[in-house]
Amino acid sequence: KKVADRYLKREVLGEGTYGVVYKAIDTQTGQTVAIKKIRLGKQKEGVNFTALREIKLLKELKDPNIIELIDAFPHKGNLHLVFEFMETDLEAVIRDRNIFLSPADIKSYLQMTLKGLAFCHKKWVLHRDMKPNNLLIGPNGQLKLADFGLARVFGSPDRRFTHQVFARWYRAPELLFGTKQYGSGVDVWAAACIFAELLLRRPFLQGSSDIDQLAPPLRSLFPVASDDALDLLAKMFTYDPKVRISVQQALEHRYFTSAPLPTYPDKLPRPA
Ligand code: ADP
Numbered sequence: 005k006k007v008a009d010r011y012l013k014r015e016v017l018g019e020g021t022y023g024v025v026y027k028a029i030d031t032q033t034g035q036t037v038a039i040k041k042i043r044l045g046k047q048k049e050g051v052n053f054t055a056l057r058e059i060k061l062l063k064e065l066k067d068p069n070i071i072e073l074i075d076a077f078p079h080k081g082n083l084h085l086v087f088e089f090m091e092t093d094l095e096a097v098i099r100d101r102n103i104f105l106s107p108a109d110i111k112s113y114l115q116m117t118l119k120g121l122a123f124c125h126k127k128w129v130l131h132r133d134m135k136p137n138n139l140l141i142g143p144n145g146q147l148k149l150a151d152f153g154l155a156r157v158f159g160s161p162d163r164r165f166t167h168q169v170f171a172r173w174y175r176a177p178e179l180l181f182g183t184k185q186y187g188s189g190v191d192v193w194a195a196a197c198i199f200a201e202l203l204l205r206r207p208f209l210q211g212s213s214d215i216d217q218l219a220p221p222l223r224s225l226f227p228v229a230s231d232d233a234l235d236l237l238a239k240m241f242t243y244d245p246k247v248r249i250s251v252q253q254a255l256e257h258r259y260f261t262s263a264p265l266p267t268y269p270d271k272l273p274r275p276a
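The C-terminal position of the sequence shown is numbered 276 in the working numbering, with every residue numbered one higher than the one before it.
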C-alpha cells in the first residue's frame, strides 16, 4: 500500500522528537527515503499556513551538507516529511569504541558541520537543535545536517518533550538564561560542544553547572588537541554571543588550513 500514491512503506527506523520515522522507497525515483510522520493531533488547527510556508522554504535549502527535504504532504491527519535516507550518524561514530578518530578526521567532521550551518545562516535559517545524532552520514561519508528549521516550525523540541535532557548539553548560555532574542550564535555554541565531544569521545558539558568547566584553561581539558584546535574551540565557546565567532569566521580559521588537512569524506572511519 502506497503512501500518497508514491512511497512504499518499509520498516520503522525510530521514534524521534516529532514522531515516527520510517524507511520507504520512492517509486518515482527508486530512491530509498526516510519519512518523518509528524503528529498534528494536539494542535487543533492542524498545520497552519505559516508552518506550511516555512516547510516550503526548507525545501529550497539545498546544499551538500544539508539533508534534502524531498517532499512534504499531509496524509491522514499527519504531516509527512520525506528526506534522503542516511546510513548512520555522528553519535554512532563517536560512541563506537572500534573507531579511531585522527585529528584530520575530527577536522573533516567539524568542517562539514560548519559548512552546512554556514549555508543556512546565510539564508537566515537557524538550526537550534544541533546534536551529534542530528548530523547524519551518507554512503560516501558526507555529513549532512538534519532537522534544519524544524525547531522553528514546530516549536523547540525540549519545550514539548522535557525528558530530552540530552538536548540541554548543546544549549548556549543565552538560551539557558532564557533569552527570547538569540541568533546564529546558538548553533555555533552547539557546534563547539560537538567539536569537544569529537575530541573527548564523550559529551562535554553534561551537567547544569558543568559550564563552569570553561573557566580553567581549555588546554587542561583537551590535553592532546593542537593549539589551532584549542584556539578555534575557545572562540566558539565565547559566553557573549555578540563576541562569539561566526560560522563563516570559524571556517576561515587557520585550523582548517594548517596540517593535517581534513580527511576526504569517503576516507572517514564509519561504524561496521
Ligand atoms: P530525534 O528527533 O530524536 O533527533 P529523529 O526524528 O531525527 O530523532 O529520528 C528518529 C530515528 O529515525 C533515528 O533513529 C534516526 O536515526 C532515524 N532517522 C531520521 N532521519 C533519518 C534519515 N534521513 N535517514 C535514515 N534514518 C533517519
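Just so it is clear, CB atoms sit at the ideal spot from N, CA and C, and this is done for glycine as well.
- Put simply, of Ala-108, Cys-124 and Arg-172 the residue whose alpha carbon is nearest the alpha carbon of Gly-211 is Arg-172.
- Looking at the DSSP output, Val-247 sits in no beta bridge, so it has no partner there.
- In the three-state reduction of the DSSP assignment, His-125 falls in the helix class, which pools H, G and I.
- The beta carbon of Val-7 lies closer than 8 Å to those of Lys-13, Ala-28, Ile-39, His-79 and His-84 in the same chain, with the five residues before and after it left out.
- Judged by DSSP secondary structure, Arg-99 falls within the alpha helix (DSSP H) whose first and last residues are 94-99.
- Of all C-beta pairs linking the region 251-269 to the region 92-100, fewer than three are shorter than 8 Å, placing the two stretches out of contact.
- Contact between the region 143-151 and the region 202-211 is absent: fewer than 3 CB-CB pairs across the two stretches fall below 8 Å.
- Distance from the Cα of Ser-250 is smallest, within the candidate group Phe-77, Ala-194, Val-24 and Thr-21, for Ala-194.
- In its chain, beyond the 5 residues on either side, Gly-120, Phe-123, Cys-124, Lys-148, Leu-149 and Phe-152 have a beta carbon closer than 8 Å to the beta carbon of Ile-70.
- Put simply, the region 102-118 does not touch the region 172-181. Fewer than three CB pairs are less than 8 Å apart.
- By the C-beta density criterion, Gly-20 is buried, having at least 16 other C-beta atoms within 10 angstroms.
- Residues whose Cβ lies closer than 5 Å to any heavy atom of the ligand ADP, listed in chain order: Leu-17, Gly-18, Gly-20, Thr-21, Val-25, Ala-38, Phe-87, Phe-89 and Met-90.
- At the C-beta level, Arg-248 and Leu-234 stay beyond 9 Å of one another.
- Asp-216 and Tyr-243 have their C-alpha atoms some 11 Å from each other.
- Within its own chain, the residues whose Cβ lies closer than 7 Å to the Cβ of Val-24, once the five positions on either side in sequence are excluded, are Val-16 and Lys-41, listed in chain order.
- If you look at Glu-15, you'll find it in the beta strand (DSSP E) that goes 11-19.
- Assignment of beta-bridge partners to Asp-30 by DSSP yields Tyr-11.
- Pairing Leu-73 with Phe-87 gives a Cβ-Cβ distance under 9 Å.
- Spanning the alpha carbons of Ala-76 and Ile-59 requires a straight line of approximately 8 Å.
- Rounded to whole angstroms, the separation of the alpha carbons of Asn-82 and Tyr-22 is 11 Å.
- Around the beta-carbon of Gln-35, fewer than 16 other beta-carbon atoms lie within 10 Å, marking it exposed.
- For Arg-223, no beta strand (DSSP E) encloses it; the enclosing alpha helix (DSSP H) starts and ends at 222-225.
- Inclusion of Lys-239 and Gln-253 in the CB contact set at 9 Å is warranted, their separation being smaller than that value.
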